[in-house]
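Here the structure comes first, spelled out in structure tokens, and everything after it is commentary.
Number of protein chains: 4
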Amino acid sequence: MSSAIGSKFKTTVFGESHGPAIGAVIDAPPAGYKIDLDGILVQAARRAPGQDPSATARKEADTPEILSGLLDGVTTGAPLALIIRNSDHRSHNYENIAARPRPSHADYAAGVRYNGHNDIRGGGNFSGRLTAPLTVAGAVARQILKAHGITIGGHVSFIGSTADVPFDPVNVDEELLNSLNTQYFSVVSSEAKAQMQAEISEARKSGDSIGGEVEIAVTGFPTGIGSPTARGIENAVSNAVFCVPAVKGIEFGAGFGFTSMLGSEANDAMYFDGDTVKCKTNNCGGITGGISNGMPLLLRCAIKPTPSIAKEQDTINLKTKSNDKLIIEGRHDPCIVPRALPAIEAAVAIALVDLLWEVKPL
Amino acid sequence: MSSAIGSKFKTTVFGESHGPAIGAVIDAPPAGYKIDLDGILVQAARRAPGQDPSATARKEADTPEILSGLLDGVTTGAPLALIIRNSDHRSHNYENIAARPRPSHADYAAGVRYNGHNDIRGGGNFSGRLTAPLTVAGAVARQILKAHGITIGGHVSFIGSTADVPFDPVNVDEELLNSLNTQYFSVVSSEAKAQMQAEISEARKSGDSIGGEVEIAVTGFPTGIGSPTARGIENAVSNAVFCVPAVKGIEFGAGFGFTSMLGSEANDAMYFDGDTVKCKTNNCGGITGGISNGMPLLLRCAIKPTPSIAKEQDTINLKTKSNDKLIIEGRHDPCIVPRALPAIEAAVAIALVDLLWEVKPL
Amino acid sequence: MSSAIGSKFKTTVFGESHGPAIGAVIDAPPAGYKIDLDGILVQAARRAPGQDPSATARKEADTPEILSGLLDGVTTGAPLALIIRNSDHRSHNYENIAARPRPSHADYAAGVRYNGHNDIRGGGNFSGRLTAPLTVAGAVARQILKAHGITIGGHVSFIGSTADVPFDPVNVDEELLNSLNTQYFSVVSSEAKAQMQAEISEARKSGDSIGGEVEIAVTGFPTGIGSPTARGIENAVSNAVFCVPAVKGIEFGAGFGFTSMLGSEANDAMYFDGDTVKCKTNNCGGITGGISNGMPLLLRCAIKPTPSIAKEQDTINLKTKSNDKLIIEGRHDPCIVPRALPAIEAAVAIALVDLLWEVKPL
Amino acid sequence: MSSAIGSKFKTTVFGESHGPAIGAVIDAPPAGYKIDLDGILVQAARRAPGQDPSATARKEADTPEILSGLLDGVTTGAPLALIIRNSDHRSHNYENIAARPRPSHADYAAGVRYNGHNDIRGGGNFSGRLTAPLTVAGAVARQILKAHGITIGGHVSFIGSTADVPFDPVNVDEELLNSLNTQYFSVVSSEAKAQMQAEISEARKSGDSIGGEVEIAVTGFPTGIGSPTARGIENAVSNAVFCVPAVKGIEFGAGFGFTSMLGSEANDAMYFDGDTVKCKTNNCGGITGGISNGMPLLLRCAIKPTPSIAKEQDTINLKTKSNDKLIIEGRHDPCIVPRALPAIEAAVAIALVDLLWEVKPL
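Chains as they are written, first to last, in my numbering: chain A, 1 to 362; chain B, 1 to 362; chain C, 1 to 362; chain D, 1 to 362.
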């Protein structure tokens, strides 16, 4: 019922794809943090469509306007609201959705949920476009984390049959994260990226789409943040990343790899590296008992292929109450994974500011 | 910071392993539901230790006492509180934990989090024992769901190298769920179960432990429950299941399998089965846009091997500020997956009552 | 820390007096309610400044723009966001506030709270101007309540030494409420209003301001809404109305009059009026045990005189660290009570939608 | 719907008057605070019945058992749960309530709210008895506040026609507070107390009850705690105190006295007292813009006479669907104000820990 992530840095995203504007309210950033607008635009640009041949051709002027909460570029402690105007409506492409819900889209479930009152134009409130204000809100969160020496970065770790080089769990390179988290379509290995692009291109040519996985790491996160039971890091982060449409799975550290591990393989042996407590492995992904243990935070998310494909599909016709066929018109991303990555990083950033603030004063 | 799951059926779990009692408060169950105490005990028994050779030998008298919220076995609408007395304290086994944190346990992170004030005896508030009141609270939730025709059941889908027969995603058998959800160590295939028990036995003999995976299905959940963004079913359910210690990953429907799928393979084509809207596949796990679409809900959770193993491990000594060795004494479950299953089902049940109630009056 | 009122119809107000815009997000109105924009403007107009000689001369173009959550004038079930642009900045009037905080204003306390980062221009986030989006959000709430036969109205019950005719507690006239709740400066008795205006005029002439009281009634609110302990009607409504700056007290029914009453005088004897359960008196203000009992809801709020007066005042100088004098320049309302009334009604409306929705499906 | 006060020091009260036990869970006190059990018992004793002739003769063994969250008397950071066993059930006195709701009690409204499933024995979850665990939870909060130099105390400021000496708003005596907040029936003036007791005695003799007012002050509360809009001190404190049954009004500082004040009278002129910022008056009750300004916090609550009186009353009969007469049997407090005082102080303490913690690390 609530569209808000977090509790102290509570972020509510609003808007519909074809309404006047989309936006977010952060209630409320801690006072006194310098927020660099260019840094916000960098994140917005990573998520923006139309950047390369693999992305949708739809153009959007996604420059956010910040309405409150900043004075001379510094947070005031009051709620920070931002909006992004919608500009490129081609609703005629969506006219037949009301009668014929798109398979694996929210159309049918949302129609039941809201008794047909939901705005179906462009997916309405369910549109991936809602990740634009989320990404901007996350950019604010990232800068607050940065001021505390915390860096978030990620890469497209899998698309189709192509894997990128995974992060080194015990020794995540902060420089690498900083390089990845300012790029569009971040991949560690350029060979892997080329191959991923080829797989995407192939999907586009055949009127299809393709899924993938992202891996995200966080360095510099202090030890001792988080809580047991329902406010652990895993709870808060998973709650946040499932805000990004198409995320269908999340795992921390070894994640599903634990299924076939013995305890003696899985346990992260501890040692002193000078005065610093470290682990020899990082299967726990930096989290034990819901609390950070000083190792890098590590998580991966599964992203389903966008359901908007050009191929003819079987669906129902709610007007005629009979089975029907559907061809989705318009141009669509064959792979949303590169653009989902900054949105997922943003969700993680928001959750982490919230968790940090619960324990440390901001 | 909050130990509570949910918002309307808000469940707060409390207690420490070696304190006077553990328990839960549900604030508050809807009024007028008949709660069968035997049904509660069935769930508590599924989670209880000491039932078979693969479980810990520690005995617990885990009969819950319900303190409020029920009158003549019917919910009053007031908060339902329950407690379970602790009885079998052998704190001497844990005396060396303060100095030498157990690898992959919460010991070290929690010590930093609470400045050393946390109760480390038996894991304190981080103990798996806290899943006992969670399971009982979930048993109340299950009965409320049952009154609305909703059934939750699950099985141990993986242990080590052994897989159970997965659920049929489009046609989950409610009878099968009802059989599984009253058993200890629920597995569909008896051959698979025997092999899992063999793997567990082997781990125990070598002083080791072993991880696994559970698969959970929900039938009868109405279409149109859930919301986009932060109150989708995935958000709420993942937030709840990570309350269960050792859960390190969750996926819905095809989950991480989406990574290598094309949209044309992934999309769940829709059709009318009489008047009922169904999907030919159920890769979405019954959820699109965060909202139930009428297909069975399907999820899997990864469970790490319990970090309490008998083998000698490398750790640190916080008193001497040097590296040290640790042997964990006492008897421990070599595999907690069978006992984690009813606790995870309970967390799912609590989240689903909450989601249901947000849309439908209870 | 949270600027949000309510839980299901969660209303977050944002903005600063001299920033680009102020606004509100309602997360989220129930789907399917027709929202009349003229009805919203009527409420906005009741709160708008510059309407009569007793109000501030500052002009504002307070027409809200609704950005989301409405399609063809009907709520979609998605968050409803609205903004109001700021247009009439004269920040030079406020330049000396940073050094010399205004007595009984938030200036000093907020400076400590936010380490001097808060926007002090025009009171920033503390400005009475923030009641504009609150009033608009409340107008949406009122229309939802209206669809369920619930009417909210109020009047300026006291200014200085002048009292208006109080509502008849057991028999509140819905027609009277509908007349009052569309007016500016609602008063039942025209004689009382004239006398109030005279008192206000006198205060203005002497460079002073004057306080007052408002009385609000709600008819048609169903019996059985609300909960004991922390989610009673009194809890929720008082939490909401203290969002309106200058409110310093609230009482329900006989309120502080109970102090000198005997139980036999105070108790509201019950009787059947046909099939309807009624009370002969309404000292409880329609609320027992936090729950509505079917009688009209009745409350009064105390409003302090606006602290912005033209007279010289004693204050401190934070730069020189010495005592100082202050003259507040610019024109200010000598009495904010008439404009506070619709904002308080709005806060009540938001709280009541929330309470109603917790028990009844919307 | 939620019985919880606060967000970080979230206190959920549970239980029914005639159930097995009542209690509270605090989720969760900050770690590392020494909690003195005798100090808890002092507060419990102030609220306990049967202490003087003016109180109910019903005996209760109200010693709380703390189940979790404390280790060697120090908070662990985990949820603190406490229970108080019920022991003195005389349900036969309440048998006729189901049919004949007591005027100004919750009986009728609660019956509608919970479709008749609520526990009506002894008022069930609506009983004043629920203030026992609230008072104990508040005693924990008071000790945490005390560790930060913050003192809460109050007195019965009015009963019937008798007023006590009010606190000096600008100069509240901490020693006086410490004397008052350990007594039963705290009154500053012994003459006033004697006269109040006489009024109460008279009410009891005539089978009646009598209302009153309490005044509460807080010293040592730091400047700059609280937030604008919905998380101001007034919002949080009023939300908390209305948890105490019979509270029907609250005012801060001059409160309803503002109604007839001019701004020049009302404004609290500021000055430096050495390096400390003070106000010459304290009409704001230590709160401006929802934030503490360094002056003592001051509030008063109106308490209605207990509706349980011995005199015959008019009510309805829900079985016969006709008007009826009711005589409430059993012995009842003729005046609950002295016992309500420590419960209201407890609610204030809980709200203040929560507010403090939002801004300062605990």
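Ideal Cβ placement from N, Cα and C applies to all residues, glycine included.
Given the structure is predicted, the values throughout are model-derived calculations rather than measurements.
Through-space distance from G15 of chain D to E329 of chain D, alpha-carbon basis: Here residue 329 of chain D refers to the residue found at position 329 when the fourth sequence is read from its first residue. Here residue 15 of chain D refers to the residue found at position 15 when the fourth sequence is read from its first residue. C-alpha separation (whole angstroms): 23 Å.
Sort D:G149, D:I210, D:G232 and D:F167 by Cα distance to I159 of chain D and report the nearest one. For this step, residue 159 of chain D is matched to residue 159 along the fourth sequence. Selected option, being the one with the closest Cα: D:I210.
Are any of the Cβ atoms in chain D nearer than 8 Å to that of G330 of chain C? Locating residue 330 of chain C in the third sequence gives position 330, where the first residue counts as 1. No, because no Cβ of chain D sits closer than 8 Å to the Cβ of G330 of chain C.
Distance check for L355 of chain D and A6 of chain D, CA to CA, integer angstroms please. Mapped onto the fourth sequence, residue 6 of chain D falls at position 6. Mapped onto the fourth sequence, residue 355 of chain D falls at position 355. It is worth fixing the name first, because residue 6 of chain D is Gly in this sequence and not Ala. Each residue's alpha carbon lies about 8 Å from the other.
P296 of chain C: contacting residues in chain A (beta-carbon distance under 7 Å): In the third sequence, residue 296 of chain C corresponds to position 296, counting from 1. Within 7 Å Cβ-Cβ: nothing; P296 of chain C doesn't reach chain A, min ~29 Å.
Could you tell me whether the Cβ atoms of V244 of chain C and V25 of chain A are closer together than 8 Å? Position 244 of the third sequence holds residue 244 of chain C. Position 25 of the first sequence holds residue 25 of chain A. Contact: no.
Mind checking which residues open and close the alpha helix (DSSP H) that includes M196 of chain B? Locating residue 196 of chain B in the second sequence gives position 196, counting from the first residue. Run containing M196 of chain B: S190 to K205, per the alpha helix (DSSP H) assignment.
So, under 8 Å CB-CB, P305 of chain D and A266 of chain C are touching, yes? Tell me the CB distance rounded to an integer number of Å. Taking the fourth sequence and counting its residues from 1, the one referred to as residue 305 of chain D is at position 305. Taking the third sequence and counting its residues from 1, the one referred to as residue 266 of chain C is at position 266. At roughly 5 Å, the Cβ-Cβ gap stays under 8 Å, so P305 of chain D and A266 of chain C are in contact.
Assuming M295 of chain A and G286 of chain A make a contact with CB atoms under 8 Å, what is their CB distance in whole Å? Residue mapping note: residue 295 of chain A aligns to position 295 of the first sequence, counting from 1. Residue mapping note: residue 286 of chain A aligns to position 286 of the first sequence, counting from 1. Right, the Cβ-Cβ distance comes to about 4 Å (below 8 Å), so this counts as a contact.
Answer with yes or no whether the minimum CB distance from M1 of chain D to chain B is below 8 Å. As a first step, residue 1 of chain D is located in the fourth sequence; it is residue number 1 there, counting from the start. Any reading at M1 of chain D must be qualified, since the residue scores a pLDDT of 45, below 50, and its modelled position is unreliable; the value itself is stated next. It does; some Cβ of chain B falls within 8 Å.
Report the option in B:S161, B:S186 and B:I144 whose CA atom is closest to the CA atom of V353 of chain B. Indexing the second sequence from 1 puts residue 353 of chain B at position 353. Taking only the C-alpha atoms, the option nearest V353 of chain B is B:I144.
Quick one: which chain A residues come within Cβ less than 9 Å of P361 of chain D? Position 361 of the fourth sequence, counted from the first residue, corresponds to residue 361 of chain D. Those within 9 Å of P361 of chain D in chain A are V359, K360 and P361.
With distance defined between alpha-carbon atoms, name the residue in A:D168, A:T131 and A:P101 nearest to I120 of chain A. Stepping through the first sequence from its first residue, residue 120 of chain A is reached at position 120. Relative to I120 of chain A, the option among A:D168, A:T131 and A:P101 whose CA is nearest is A:P101.
Along chain D, which residues have their Cβ under 7 Å away from the Cβ of I316 of chain C? Here residue 316 of chain C refers to the residue found at position 316 of the third sequence. What I316 of chain C touches in chain D: M270, Y271, F272 and V277.
Where do the N-terminal and C-terminal ends of the alpha helix (DSSP H) with N178 of chain A fall, by residue? Position 178 of the first sequence, counting from 1, holds the residue named residue 178 of chain A. Counting along the chain, the alpha helix (DSSP H) containing N178 of chain A begins and ends at E174 to L180.
Quick one: grab the DSSP three-state call for V363 of chain D. This structure does not reach residue 363 of chain D, given that chain D is present from 1 up to 362, and the question cannot be answered.
Any Cβ of chain A within less than 8 Å of the Cβ of G23 of chain C? As a first step, residue 23 of chain C must be located in the third sequence, where it is residue number 23. G23 of chain C counts as touching chain A.
Residue range of the beta strand (DSSP E) that Q244 of chain C falls in? Along the third sequence, read from residue 1 onward, the residue named residue 244 of chain C stands at position 244. The sequence shown places Val at residue 244 of chain C, not Gln. It is not in any beta strand (DSSP E) - V244 of chain C carries neither H nor E in the DSSP assignment.
If the cut is a Cβ gap below 7 Å, which residues of chain A does S264 of chain B touch? Here residue 264 of chain B corresponds to residue number 264 of the second sequence, with the count starting at 1. The answer, in chain order, is D208, I309 and K311.
With which residues is T315 of chain A paired in a DSSP beta bridge? Locating residue 315 of chain A in the first sequence gives position 315, counting from the first residue. For T315 of chain A, which the question treats as bridged, DSSP gives the partners A:D324.
Leaving out the 5 sequence neighbours to the left and right, which residues in its chain are closer than 7 Å to A385 of chain D when beta-carbon positions are compared? Lying before the first or after the last residue shown, residue 385 of chain D is absent from chain D, which here runs from 1 to 362.
What does M196 of chain D reach in chain C if we use C-beta pairs closer than 9 Å? Counting from 1 along the fourth sequence, the entry for residue 196 of chain D is found at position 196. Near M196 of chain D there are no residues of chain C at all, since even the closest Cβ is about 12 Å away, more than 9 Å.
Quick check on this structure: which residue in D:Y271, D:T182 and D:C301 has the alpha carbon closest to the alpha carbon of N293 of chain D? Sequence index remark: in the fourth sequence, residue 293 of chain D carries index 293 (1-based). Of the listed residues, the one whose Cα sits closest to N293 of chain D is D:Y271.
F258 of chain C CB to nearest chain A CB: under 8 Å? Locating residue 258 of chain C in the third sequence gives position 258, counting from the first residue. So, not an interface residue.
Taking Cβ positions only, does E191 of chain C come closer than 8 Å to chain A? Position 191 of the third sequence, counting from 1, holds the residue named residue 191 of chain C. No, its Cβ sits nowhere closer than 8 Å to a Cβ of chain A.
Quick check on L355 of chain B - is its C-beta less than 8 Å from some C-beta in chain D? Position 355 of the second sequence holds residue 355 of chain B. No - not a single Cβ of chain D is within 8 Å of the one on L355 of chain B.
C-alpha gap between E345 of chain D and S179 of chain D, whole angstroms: One-based indexing of the fourth sequence puts residue 345 of chain D at position 345. One-based indexing of the fourth sequence puts residue 179 of chain D at position 179. In a straight line, the C-alpha of E345 of chain D is about 14 Å away from that of S179 of chain D.
Specify whether the stretch 170-189 of chain D and the stretch 109-117 of chain D touch according to this definition: at least 3 beta carbon pairs, one from each stretch, less than 8 Å apart. no
From the beta carbon of S17 of chain D, is the nearest beta carbon of chain C less than 8 Å away? The residue labelled residue 17 of chain D in the question sits at position 17 within the fourth sequence. It does not; no Cβ of chain C falls within 8 Å.
So, helix, strand or coil for G153 of chain B, using DSSP? One-based indexing of the second sequence puts residue 153 of chain B at position 153. It is a strand residue.
Chain D contacts from the stretch 93-112 of chain C (Cβ-Cβ distance under 7 Å): P101, P103, S104, H105, A106, Y108, A109, A110 and V112
Tell me, please, which residues DSSP counts as bridged to E213 of chain A. Numbered from its first residue, the first sequence carries residue 213 of chain A at position 213. Looking at the DSSP assignment, E213 of chain A forms a beta bridge with A:F158 and A:A302.
Just grab the DSSP bridge partners of E65 of chain B for me. Your numbering for residue 65 of chain B matches position 65 in the second sequence. Answer is B:I83, bridged to E65 of chain B.
Mind reading off the beta-carbon distance from T76 of chain A to I35 of chain A? Whole number of angstroms is fine, and I expect it under 8 Å. To locate residue 76 of chain A, count along the first sequence from 1; it is residue 76. To locate residue 35 of chain A, count along the first sequence from 1; it is residue 35. Wrong, their Cβ atoms sit about 11 Å apart, outside the cutoff.
Spatially closest choice to G226 of chain A from B:P361, B:A109 and B:D324, by CA coordinates: Locating residue 226 of chain A in the first sequence gives position 226, where the first residue counts as 1. Checked all of B:P361, B:A109 and B:D324; the closest Cα to G226 of chain A is B:A109.
Opposing strand residues paired with I26 of chain B [DSSP bridges]: What you label residue 26 of chain B is simply residue 26 of the second sequence in a count that begins at 1. Per DSSP, B:T11 and B:L80.
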